[in-house]
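Here the protein sequences line up with chains V and D, keeping their order. First residue of the first sequence? That's 426 in the numbering used here, and the numbers climb one at a time after it. First residue of the second sequence? That's 426 in the numbering used here, and the numbers climb one at a time after it. Just so it is clear, CB atoms sit at the ideal spot from N, CA and C, and this is done for glycine as well.
Protein chains: 2
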Amino acid sequence: MPERALPYRPHNHEACVSQALADARAICRQQNARLTPIRERVLELIWQSHKPLGAYDILAMLGTEGHNAAPPTVYRALDFLLQHGLVHRIASLNAFTGCTHAGEHHRGTFLICRECGNVLELDAPDVTRAVEAAAADVAFRPEEITMEVAGRCPRCQGEPGHA
Amino acid sequence: MPERALPYRPHNHEACVSQALADARAICRQQNARLTPIRERVLELIWQSHKPLGAYDILAMLGTEGHNAAPPTVYRALDFLLQHGLVHRIASLNAFTGCTHAGEHHRGTFLICRECGNVLELDAPDVTRAVEAAAADVAFRPEEITMEVAGRCPRCQGEPGHA
DNA sequence: CCTGCAAATGTTATAATGTTGCAAACTTTG
DNA sequence: CAAAGTTTGCAACATTATAACATTTGCAGG
Chain V
426 MPERALPYRP HNHEACVSQA LADARAICRQ QNARLTPIRE RVLELIWQSH
476 KPLGAYDILA MLGTEGHNAA PPTVYRALDF LLQHGLVHRI ASLNAFTGCT
526 HAGEHHRGTF LICRECGNVL ELDAPDVTRA VEAAAADVAF RPEEITMEVA
576 GRCPRCQGEP GHA
Chain D
426 MPERALPYRP HNHEACVSQA LADARAICRQ QNARLTPIRE RVLELIWQSH
476 KPLGAYDILA MLGTEGHNAA PPTVYRALDF LLQHGLVHRI ASLNAFTGCT
526 HAGEHHRGTF LICRECGNVL ELDAPDVTRA VEAAAADVAF RPEEITMEVA
576 GRCPRCQGEP GHA
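Written as structure tokens, this is what we have:
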């Protein structure tokens with residue numbers, strides 16, 4: 426399952442998308458939530474792209490396949506997916522990416538390559554722990570943690586331009 | 426326009442603003458950068474508010490004092506201030522806040538209270554270290570780190586509504 | 001079946017945030 | 001002063017996100 430999250434290495438992406446969709450369907454069934462066609466299609470589009478997609482990117486994609494949607498349609502689907510932990514919003518990019526740990530209520534750490542645009546979601550308990558400790562020191566009660574690191578991924582150090 | 430708010434502890438905020446401005450002037454002199462009247466005024470407005478200000482908040486404030494600025498004026502001033510480490514941008518809020526460690530090349534951790542809107546910038550070396558370690562594990566080279574924690578500040582736990 | 005409610009989607013308009021491009025004013029420096 | 005570079009003014013525009021209200025769909029109970 427971690428392989429699914431690694432854009433650095435080539436892999437069978439179609440399989441990884443269908444796995445994500447299957448997981449999503451299971452999670453929604455379990456939570457009595459309706460993964461409607463639009464919501465599922467949005468999730469699929471997000472997963473098909475290794476790079477985070479903006480809401481209007483998704484809108485455009487839906488447009489090219491005949492579904493002439495308006496912004497609220499997409500934002501509502503995204504809200505649903507966020508709510509159920511199926512995607513993350515990357516605040517520093519105004520974009521959305523598939524959650525690689527769907528189901529486990531969590532908040533990932535995102536490594537965003539400035540060169541190729543790929544994003545890697547880490548499950549970094551040490552980071553979370555450090556943040557929680559720092560917050561506890563000043564009696565602050567954390568509810569949502571945003572950790573986004575922009576930089577260079579391994580492949581783009583040295584030989585830039587990998588898309 | 427956000428009303429002025431008390432931070433965790435009462436203090437002489439005017440003094441703390443003038444200190445920040447004095448520091449900024451020193452830093453700019455040292456770096457051969459021009460802290461022009463607009464830039465200084467924007468920095469002052471940001472410091473006078475304990476809550477992060479949006480670019481358009483600043484724009485409106487400048488408007489009420491007769492300076493009828495356009496968005497680029499504000500964004501350019503903000504870019505300058507960011508460049509020189511005098512303010513931070515809070516991505517999850519689309520807003521800007523004064524940097525409490527200006528001059529020391531660093532990246533803070535921000536605790537954002539959802540109740541009162543105040544923001545506390547921590548210097549949390551443990552967090553930074555944990556993030557860097559996690560990035561190093563996957564050979565990712567971090568350049569800019571965004572850490573924003575939304576939650577409840579001490580004053581707003583229990584008795585909500587502190588502005 | 002149908003009926004009525006709640007959830008989901010469609011539709012239109014608009015708000016909020018951020019950028020581009022070019023001209024004018026100002027600063028610095030030779 | 002004059003040239004060069006930086007900063008600001010200004011108009012238009014691009015992108016991201018939400019509000020408000022109408023319509024359709026799914027589904028439980030009569």
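Would you please verify whether the beta carbon of CYS578/V is less than 8 Å from any beta carbon of chain D? yes
When the cut-off is 8 Å and only beta carbons count, does ASP551/V lie next to chain D? Proximity of ASP551/V to chain D, defined by a Cβ-Cβ separation below 8 Å, is satisfied.
Take HIS589/D as the anchor and find which of CYS538/D, ARG450/D, GLU546/D, HIS492/D has the nearest alpha-carbon. With chain D represented from 426 up to 588, any question about residue 589/D goes unanswered, as that position is not in the structure.
Output, in sequence order along the chain, the residues in the region 534-549 of chain D whose CB is closer than 8 Å to any CB in chain V. THR534, LEU536, CYS538, ARG539, LEU545, LEU547, ALA549
So, are the CB atoms of ILE537/D and VAL574/D less than 8 Å apart? yes
Where TRP472/D falls, given that 16 or more other Cβ within 10 Å makes a residue buried: buried
Near-chain V residues of the region 504-519 of chain D - C-beta to any C-beta below 8 Å: ALA516, SER517
Give the interface partners of PHE565/V over in chain D, defined as CB-CB distance under 8 Å, in chain order. LEU536, CYS538, LEU545, VAL574, GLY576, ARG577, CYS578, PRO579
Any idea what DSSP makes of GLY583/V, helix, strand or coil? coil
Report the CB separation of THR534/D from VAL563/V in whole angstroms; it is logged as a contact under 8 Å. Not confirmed; about 11 Å, so no contact.
Cα separation between MET426/V and LEU547/V? The pLDDT assigned to MET426/V is 41, lower than 50, so where the model puts this residue is not dependable; a value taken from the coordinates is nonetheless given after this. MET426/V and LEU547/V: Cα-Cα distance of roughly 13 Å.
When we look at the beta-carbon of HIS436/V and count the other beta-carbons within 10 Å, is it buried (16 or more) or exposed? exposed
Given ILE570/V as reference, the closest of GLN444/V, ILE515/V, PRO496/V once Cα atoms are compared: ILE515/V
Please report how far the alpha carbon of GLY576/D lies from the alpha carbon of ARG566/V, in whole angstroms. 5 Å
Do you know offhand how far ARG580/D's Cα is from GLY523/D's? 21 Å
Using a Cβ cut-off of 9 Å, which residues of the region 453-469 of chain V contact any Cβ in chain D, in chain order? none
Where does ARG459/V land, buried or exposed, given buried means 16+ other C-beta within 10 angstroms? exposed
Contact check, GLY542/D vs ILE452/D, beta carbons under 8 Å: no
Where LEU488/V falls: helix, strand or coil (DSSP): The residue you asked about is not Leu; residue 488/V is Gly in the sequence shown. Reduced to three states, the DSSP call for GLY488/V is helix.
With hydrogens ignored, establish whether the beta-carbon of VAL544/D is closer than 7 Å to any heavy atom of the ligand ADP. Among the ligands in the structure shown, none appear at all, so the ligand ADP cannot be discussed.
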